[in-house]
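Residue numbers (the working numbering): 5 to 630.
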């Protein structure tokens, strides 16, 4: 632009719109600034007032020009976001910013050469999946290889980090360490630009009751697949002929055998544990080989899913943490386990830890990969198991016994033809569960909970622990509801039919069990106890047999270290037993209030012992008679 001559301009012409616009139209910022200085110098010749007016007009014009420039840049920038994906009719168009996204791949022509290519084939976030329990999100990625579209659910944490996104290569996605940064940026931008249009689904990885109904029967929630229980989830479905299945179930109920009816009722009752506010518990059906116990497990599983062992039904090959994970998945559905013989190898005949853990309804706290505390798994259901021997052993603590309903199979085969029954169940299953849940929803969980409480009141008995009776009441309630609304055959289970699954209250006492265990261990090792004639004894000494002079009852004086060892071997708390035994008067302490006494074992041999009275033979005989 030619230099503007301001010398012939009047004062008013100096700050006129025409003069100011001439300066602002200069594209070169340096020349434009110099023209402004020249204009100000000329205005100064007319005085300070004219100079101030020119300076003000130049400032306003500069501000206006800057605003228009910013608006122009913004407009140009917005034009770049008008690009959309072009993947044909398979998926709808999405805004993709600067990226060109078509069947030839994903690339950014405006980026540096090393960041230009994000992926050599089509890929896009097709769906956002949000877990309703923990709020964590996954993305359903859709990508095309060799003309075939594939979908894969992945964690958002994977696609958000350039160090992790190469892991997607195992699914067939062409991503490398070189293209990782660009692919992360592309996927993030597409999601952000289409946040209002990308479908978002709510999902859960737990079966059973939820705010949207009952999983998997609610349409409001999807299953949050993560690879661990996908196959097991797929087994929760119906197949075969409803009438054929129901005819079989009705024949089982009409047979009079308690075992399959108990398995069936327990399976249904599992969904009542949560609404009735109960704790998880075990139902153990055990007995001789070949009696039909495994088929009973199949009956229980057939209520909800494919009853083939190894699918919905688990076995005892798993670890504690694996059991917890499965229990968390089943949540309110029954956790069915076949063949308890396996646990005797894995848990060394001690079911206590497993029983306690699953009956607690809560997994153990564990750290995640970020060294934070991972959310605990929770569940509220019934664990149904079967085997040749009971899971309740002499070593099992009373608290664990309290969480088990143990039913020994009656004589004879449970099913007339076990193989035929198993075949029928493999081909017809999964009808009853949804039907039962629909009925519970229709009745209302509050009303069902009332039924359960009424049932508990009706069967309450001082001979048995309330915890076991509460568990049994849930089974009886479920069976009664199913009888009235589904089967309509009048074959509901009774308390008398199931009471043998309960354990006598005295047997549930931890200290009573410990006392019996100590007496038993001492009797087995009676050769290690000296009598009155110590001089004749040779070998390891556990203690001494003698008779209490006051009560006239025989007692066992047991060396303190031997006593504690016996308690530890049996899994009992020695301190708790000592306190109980002193109160019961079966442990004789010394005159100073110590729980141990000094016992004379012969010449120059004295030792502190726990002096434990042996059971009264008359009382024991009366118990046996009863």
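Even for Gly, the Cβ is constructed at its ideal location relative to N, Cα and C.
Give a yes or no on whether the C-beta atoms belonging to residue i and residue j are separated by under 8 Å.
{"i": "residue 34", "j": "residue 8", "result": "no"}
{"i": "residue 473", "j": "residue 460", "result": "yes"}
{"i": "residue 585", "j": "residue 616", "result": "yes"}
{"i": "residue 362", "j": "residue 384", "result": "no"}
{"i": "residue 317", "j": "residue 288", "result": "no"}
{"i": "residue 303", "j": "residue 268", "result": "yes"}
{"i": "residue 547", "j": "residue 561", "result": "yes"}
{"i": "residue 559", "j": "residue 618", "result": "yes"}
{"i": "residue 505", "j": "residue 411", "result": "yes"}
{"i": "residue 65", "j": "residue 55", "result": "no"}
{"i": "residue 258", "j": "residue 471", "result": "no"}
{"i": "residue 273", "j": "residue 444", "result": "no"}
{"i": "residue 239", "j": "residue 309", "result": "yes"}
What's the C-alpha gap between residue i and residue j?
{"i": "residue 157", "j": "residue 475", "result": "40 Å"}
{"i": "residue 101", "j": "residue 152", "result": "26 Å"}
{"i": "residue 192", "j": "residue 139", "result": "19 Å"}
{"i": "residue 536", "j": "residue 553", "result": "Low confidence applies here, because residue 536 scores a pLDDT of 48, under 50, leaving its location unreliable; read the following figure in that light. One C-alpha to the other measures close to 14 Å."}
{"i": "residue 391", "j": "residue 446", "result": "37 Å"}
{"i": "residue 146", "j": "residue 172", "result": "12 Å"}
{"i": "residue 566", "j": "residue 509", "result": "29 Å"}
{"i": "residue 610", "j": "residue 570", "result": "21 Å"}
{"i": "residue 249", "j": "residue 433", "result": "7 Å"}
{"i": "residue 70", "j": "residue 61", "result": "14 Å"}
{"i": "residue 576", "j": "residue 528", "result": "18 Å"}
{"i": "residue 261", "j": "residue 543", "result": "54 Å"}
{"i": "residue 57", "j": "residue 19", "result": "7 Å"}
{"i": "residue 174", "j": "residue 117", "result": "26 Å"}
{"i": "residue 314", "j": "residue 325", "result": "18 Å"}
{"i": "residue 601", "j": "residue 594", "result": "5 Å"}
{"i": "residue 500", "j": "residue 587", "result": "35 Å"}
{"i": "residue 241", "j": "residue 514", "result": "43 Å"}
Excluding the five sequence neighbours on either side, which residues of its own chain have a C-beta within less than 7 Å of the C-beta of residue i, listed in chain order?
{"i": "residue 582", "result": "591, 599"}
{"i": "residue 163", "result": "143, 169, 188, 191"}
{"i": "residue 246", "result": "435"}
{"i": "residue 217", "result": "224"}
{"i": "residue 295", "result": "413, 417, 418"}
{"i": "residue 312", "result": "430"}
{"i": "residue 525", "result": "570"}
Apart from the five residues on each side of it in sequence, which residues of its chain come closer than 6 Å, Cβ to Cβ, to residue i?
{"i": "residue 256", "result": "264"}
{"i": "residue 13", "result": "none"}
{"i": "residue 133", "result": "142, 205, 207"}
{"i": "residue 109", "result": "123, 124, 125"}
{"i": "residue 373", "result": "Residue placement at residue 373 is flagged as unreliable, the pLDDT there being 47, under the threshold of 50; the coordinate-derived value follows with that caveat. Excluding residues within five positions, none has a Cβ falling inside 6 Å."}
Hey, out of the options, whose CA is closest to residue i's CA?
{"i": "residue 492", "options": "483, 499, 96", "result": "483"}
{"i": "residue 237", "options": "393, 229, 198", "result": "229"}
{"i": "residue 620", "options": "225, 589, 595", "result": "589"}
{"i": "residue 195", "options": "232, 88, 244, 210", "result": "88"}
{"i": "residue 336", "options": "543, 451, 25, 271", "result": "271"}
{"i": "residue 86", "options": "442, 104, 74", "result": "104"}
{"i": "residue 486", "options": "315, 266, 409, 404", "result": "266"}
{"i": "residue 160", "options": "135, 557, 502", "result": "135"}
{"i": "residue 606", "options": "534, 555, 572", "result": "534"}
{"i": "residue 550", "options": "518, 499, 604", "result": "604"}
{"i": "residue 301", "options": "519, 339, 76", "result": "339"}
{"i": "residue 406", "options": "437, 468, 393", "result": "468"}
{"i": "residue 421", "options": "297, 212, 90, 50", "result": "297"}
Whose C-beta lies closer than 8 Å to the C-beta of residue i among residues of the same chain, with five residues either side of it excluded?
{"i": "residue 631", "result": "This structure cannot speak to residue 631, because the chain is shown only from 5 to 630."}
{"i": "residue 281", "result": "453"}
{"i": "residue 120", "result": "111, 112, 113, 186"}
For residue i and residue j, which I take to be in contact (beta-carbon distance under 8 Å), what is that distance rounded to the nearest angstrom?
{"i": "residue 307", "j": "residue 419", "result": "Rounded, the Cβ-Cβ distance is 17 Å, inconsistent with contact."}
{"i": "residue 328", "j": "residue 381", "result": "6 Å"}
{"i": "residue 131", "j": "residue 220", "result": "About 19 Å separates the two Cβ atoms, so there is no contact after all."}
{"i": "residue 344", "j": "residue 395", "result": "6 Å"}
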